[in-house]
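Enquirer: Got a structure here, written out as structure tokens. Questions coming.
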Amino acid sequence: MIKKPTRLAVVLWTCILAGFALMEFPGVLFFHDMVEPRIFGMPFIYGFNVVIWAFMCVVLFIGYRTHWGRRAASEDDESDAPDPAAEPTGGAR
Numbered sequence: 005m006i007k008k009p010t011r012l013a014v015v016l017w018t019c020i021l022a023g024f025a026l027m028e029f030p031g032v033l034f035f036h037d038m039v040e041p042r043i044f045g046m047p048f049i050y051g052f053n054v055v056i057w058a059f060m061c062v063v064l065f066i067g068y069r070t071h072w073g074r075r076a077a078s079e080d081d082e083s084d085a086p087d088p089a090a091e092p093t094g095g096a097r
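Going by our numbering, the letters in the sequence shown line up with residues 5 to 97, in that order.
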């Protein structure tokens, strides 16, 4: 059974993919010899990298704080994991 992704998951995946695409965007190199425009007082290429890096940090932090990607408690009940509170079988006591 395929689960429908939540709205948060769709937004986070979109932001992550957009962030990685912007990090690898070759068009930013058109500004490599230019001092202007400036972002936060830095030449464009450095400022652009700082902005994208900060964006990705925020997106990943939101994903971490919302426990994005972890199973819900109801899904854990169906897992085949052994019960840690169960008494061990076999061996000496």
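Note that the Cβ used here is the ideal one computed from N, Cα and C, for glycine as well.
Since the structure is predicted, the reported quantities are computational estimates derived from the model, not experimental observations.
I need the DSSP call for M38, collapsed to helix, strand or coil.
Expert: Walking along the sequence shown from the start, residue 38 turns up at place 34. In this structure, M38 counts as coil in the three-state DSSP scheme.
Enquirer: Going by CA-CA distance only, name the one from L33, L64, I6 and V63 that's closest to Y50.
Expert: Your numbering for residue 50 matches position 46 in the sequence shown. For Y50, the nearest C-alpha among the options comes from L33.
Enquirer: Spatial neighbours of F59 within its chain, please: CB distance less than 6 Å, with the 5 preceding and 5 following residues excluded, ordered by chain position.
Expert: Reading the sequence shown from its first residue, position 55 is the one you call residue 59. Around F59: G23.
Enquirer: Does the contact criterion of 3 or more C-beta pairs under 8 Å hold for the segment 62-72 versus the segment 7-27?
Expert: At 8 Å Cβ cutoff, the stretches touch.
Enquirer: What is the residue span of the alpha helix (DSSP H) that W57 lies within?
Expert: As a first step, residue 57 is located in the sequence shown; it is residue number 53 there, counting from the start. Where W57 is concerned, the enclosing alpha helix (DSSP H) stretches over F48 to R69.
Enquirer: Quick check: what's the CA-CA separation for F52 versus I43?
Expert: The residue given as residue 52 occupies position 48 in the sequence shown. The residue given as residue 43 occupies position 39 in the sequence shown. In a straight line, the C-alpha of F52 is about 7 Å away from that of I43.
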